[in-house]
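Each position in the sequence shown, counted from 1, maps to that position plus 19 in my numbering. Every residue gets a Cβ at the ideal spot worked out from N, C-alpha and C, and that includes glycine. Worksheet: the structure to be examined is printed underneath.
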Amino acid sequence: MREPTAQIRWEQRTQTPLLALAVAFGVAYAVPIVAPDAEPWVHRVCSAVEWAVWGAFAVDYAVRLLLAPARWLFVRGHPLDLLAVLLPLVQPLRLLRVVSTLLLVGRRARMAPQITLTTYVAGAVVGLMMFGSLAVLHVERDAPEGNIKTLGDAVWWSFTTMTTVGYGDHAPTTGLGRVLAVGLMLSGIALLGVVTANIAAWFISRFERDDAQERRQTALLEALTLEVRELRAEVGRLSAGAPVPAQPGSAAVPAGPAAGPGPLTARGGGAGRTPA
20 MREPTAQIRW EQRTQTPLLA LAVAFGVAYA VPIVAPDAEP WVHRVCSAVE
70 WAVWGAFAVD YAVRLLLAPA RWLFVRGHPL DLLAVLLPLV QPLRLLRVVS
120 TLLLVGRRAR MAPQITLTTY VAGAVVGLMM FGSLAVLHVE RDAPEGNIKT
170 LGDAVWWSFT TMTTVGYGDH APTTGLGRVL AVGLMLSGIA LLGVVTANIA
220 AWFISRFERD DAQERRQTAL LEALTLEVRE LRAEVGRLSA GAPVPAQPGS
270 AAVPAGPAAG PGPLTARGGG AGRTPA
């Protein structure tokens, strides 16, 4: 068995801690939006947690780059990771930190062999809905003409947007809010496509498995039918008194009694004769 490289071992060891940090980031991002009237120190702590989580993912990217056998190929093969690390440095907006964290968590989650496709899609749906609701609420709550003022309105808008239903009762009015809407719609379409493809693949594999089982059963029935025919033919030959064919490597068995002189013939006398 091939031994995993240092990069793979690092990714396996840091998988769970980074996912836990991502959950901490989600809490730190949600608290100031859900409770805007919280104490100032709460907002400072949440901001520090957000930057710390982003820093942890940036360090993880740097370590993976150093441990990669071919660094340039690693950079070319992981463009989203590099973009997610650089986004918050371009303009220190909280929304960019959200986007970068989602990208990094998504990349690391796909690397985990124990996470199945269904679990990943379900987690992606919940994560996008949660962060989409919080982001649009943060952007639209103070907009003069905005109609997304509560968390319930934001969650409802995210759900209808991801499923591409779009009732129109709630809609973003700012430019950044509409950018969020476009991203959420595209993400929802992509996730629905993944779910549909996964369900179709499951049905196809199930039908193929049932078809293979039916073919095996048919072949077994044909073999049993052939054996029964051979047994019937052999029983018919034995019932008619026909000699049983000799098997290769075995001595032939005569069909009748053994031929040869009997006891009286061997003594040279016949029945009823007396010595002179």
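Could you check the C-alpha separation between residue i and residue j for me, to the nearest Å?
i    : j    : result
Q26  : E69  : 26 Å
T192 : M148 : 19 Å
V198 : A67  : 26 Å
F226 : L243 : 26 Å
L112 : W221 : Reliability of the predicted coordinates at L112 is poor, the pLDDT of 49 falling under 50, and the value obtained from them is presented with this limitation in mind. Distance between the alpha carbons of L112 and W221: 42 Å.
W73  : E58  : 23 Å
D172 : G165 : 11 Å
Q31  : L38  : 12 Å
L211 : V184 : 13 Å
A87  : L40  : 23 Å
D161 : A200 : 17 Å
V82  : L101 : 13 Å
I218 : A209 : 14 Å
D56  : T24  : 49 Å
D230 : R248 : 27 Å
L92  : D79  : 17 Å
G187 : S224 : 40 Å
P163 : V144 : 30 Å
H189 : Q236 : 58 Å
A238 : A216 : 33 Å
W29  : L240 : 54 Å
R95  : R234 : 47 Å
H97  : Q232 : 42 Å
L245 : G142 : 55 Å
L250 : R228 : 33 Å
I167 : Y48  : 18 Å
V42  : E159 : 24 Å
I'd like to check one pair, residue j with residue i: are the Cβ atoms closer than 8 Å?
i    : j    : result
V155 : W176 : yes
M181 : G207 : yes
V53  : L170 : yes
L84  : R90  : yes
V214 : V140 : yes
If distances are taken between C-alpha atoms only, which option among the options comes closest to residue i?
i    : options               : result
V61  : F150, Y80, V46, A231  : V46
V2   : L105, H157, P36       : Outside the displayed range of the chain (20 to 295) lies residue 2, so it cannot be described from this structure.
G202 : V213, A89, S152       : S152
T179 : L205, Y48, L195, G165 : L205
A71  : H97, G96, V104, L92   : V104
F76  : R95, D56, T35, L92    : T35
F44  : F150, T33, H97, G142  : F150
Give a single yes or no on whether residue i has its beta carbon closer than 7 Å to a heavy atom of the ligand FAD.
i    : result
D188 : This structure lacks the ligand FAD, and indeed carries no ligand of any kind.
Would residue i count as contacting chain D if we go by Cβ distances under 8 Å?
i   : result
A47 : Absent from the structure: chain D. Only one protein chain is present.
>> As an exercise, report each continuous alpha helix (DSSP H) stretch of at least 4 residues that is fully enclosed by the region 24 to 90, in chain order.
In response: Within the region 24 to 90, the complete alpha helix (DSSP H) runs of at least 4 residues fall at 25 to 53, 59 to 86.
> Whole beta strand (DSSP E) runs in the region 164 to 220 with 3 or more residues, listed along the chain?
Replying inline: Secondary structure remark: continuous beta strand (DSSP E) runs of at least 3 residues inside the region 164 to 220: none found.
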